[in-house]
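My numbering puts the sequence shown at residues 5 to 122. Beta carbons are placed, not taken as given, at the ideal position from N, Cα and C, and that holds for glycine.
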Amino acid sequence: MHMKTNEKLEAVFFRSGTGVEPVRDWLKGLKEDQRKAIGVDIRTAQYGWPLGMPLIRKLESSLWEVRTKFRNGIARTLFTVDGNRIVLLHGFIKKTQKTPPNELQTARRRLRKYLETS
Numbered sequence: 005m006h007m008k009t010n011e012k013l014e015a016v017f018f019r020s021g022t023g024v025e026p027v028r029d030w031l032k033g034l035k036e037d038q039r040k041a042i043g044v045d046i047r048t049a050q051y052g053w054p055l056g057m058p059l060i061r062k063l064e065s066s067l068w069e070v071r072t073k074f075r076n077g078i079a080r081t082l083f084t085v086d087g088n089r090i091v092l093l094h095g096f097i098k099k100t101q102k103t104p105p106n107e108l109q110t111a112r113r114r115l116r117k118y119l120e121t122s
C-alpha cells in the first residue's frame with residue numbers, strides 16, 4: 005500500500021543506451037494542445053500519486069498508464085514509479101479499445117532496460 009504524500013514525484017524520461025528519449029520525441033511530434041493535455045495529466049499524477057481511474061490505470065505490477073482524452077482521440081503514457089520518480093517509458097495515441105500488445109511490449113522492454121541501468 006502506497007502512502008499518500010504531499011511530495012511531488014519527479015517526472016523523468018526513459019533514456020535509451022544511445023541517449024534517445026522516446027517519450028520526449030513522441031511528445032514533440034504531437035500538436036500543442038495534445039502536448040499540453042498530456043502534460044497536465046502527468047502533472048496531476050506527480051502531485052496526487054497514487055491515483056486511480058479514470059486518470060491512472062494499473063496495467064501490471066510496476067507498470068501504469070496515464071489516460072489523456074482529446075477532442076479527436078486518446079493518448080496513453082506508460083510509466084513506472086521508482087522511489088520519488090515517475091519514469092515515462094512509452095507514449096502512443098490509442099486507436100482501439102484495448103491497449104495494443106506491441107505498445108505494452110515496448111513499455112515492458114524499456115522498463116527492463118531502465119531497471120538494469122538504474
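Residue span of the alpha helix (DSSP H) that contains residue i, given as start and end
{"i": "Leu-55", "result": "First-last for Leu-55: undefined, no H or E at that position."}
{"i": "Val-27", "result": "26–32"}
Residue j beta carbon less than 8 Å from that of residue i
{"i": "Glu-69", "j": "Thr-84", "result": "no"}
{"i": "Leu-93", "j": "Ala-111", "result": "yes"}
{"i": "Arg-114", "j": "Phe-17", "result": "no"}
{"i": "Leu-63", "j": "Leu-108", "result": "yes"}
{"i": "Gly-77", "j": "Ile-60", "result": "no"}
Residue i, buried or exposed, once every other Cβ within 10 Å from all chains shown has been counted against 16
{"i": "Val-91", "result": "buried"}
{"i": "Ser-122", "result": "exposed"}
{"i": "Asp-45", "result": "buried"}
{"i": "Lys-102", "result": "exposed"}
{"i": "Leu-13", "result": "buried"}
{"i": "Val-24", "result": "exposed"}
Three-state secondary structure (DSSP) of residue i
{"i": "Arg-89", "result": "strand"}
{"i": "Gly-95", "result": "strand"}
{"i": "His-6", "result": "With a pLDDT of 47 at His-6, under the threshold of 50, the modelled position of that residue is not reliable, and no figure is offered here."}
{"i": "Lys-35", "result": "coil"}
{"i": "Gly-43", "result": "helix"}
{"i": "Thr-84", "result": "strand"}
Boundaries (first-last residue) of the beta strand (DSSP E) holding residue i
{"i": "Arg-114", "result": "Unbroken run through Arg-114 is the alpha helix (DSSP H), 105–121; no beta strand (DSSP E)."}
{"i": "Thr-72", "result": "67–74"}
{"i": "Phe-18", "result": "Per DSSP, Phe-18 belongs to no beta strand (DSSP E) and is neither H nor E."}
{"i": "Leu-63", "result": "60–64"}
Beta-carbon separation (whole angstroms), residue i vs residue j, contact threshold 8 Å
{"i": "Trp-30", "j": "Gly-95", "result": "5 Å"}
{"i": "Ala-49", "j": "Thr-72", "result": "About 11 Å; that fails the 8 Å criterion."}
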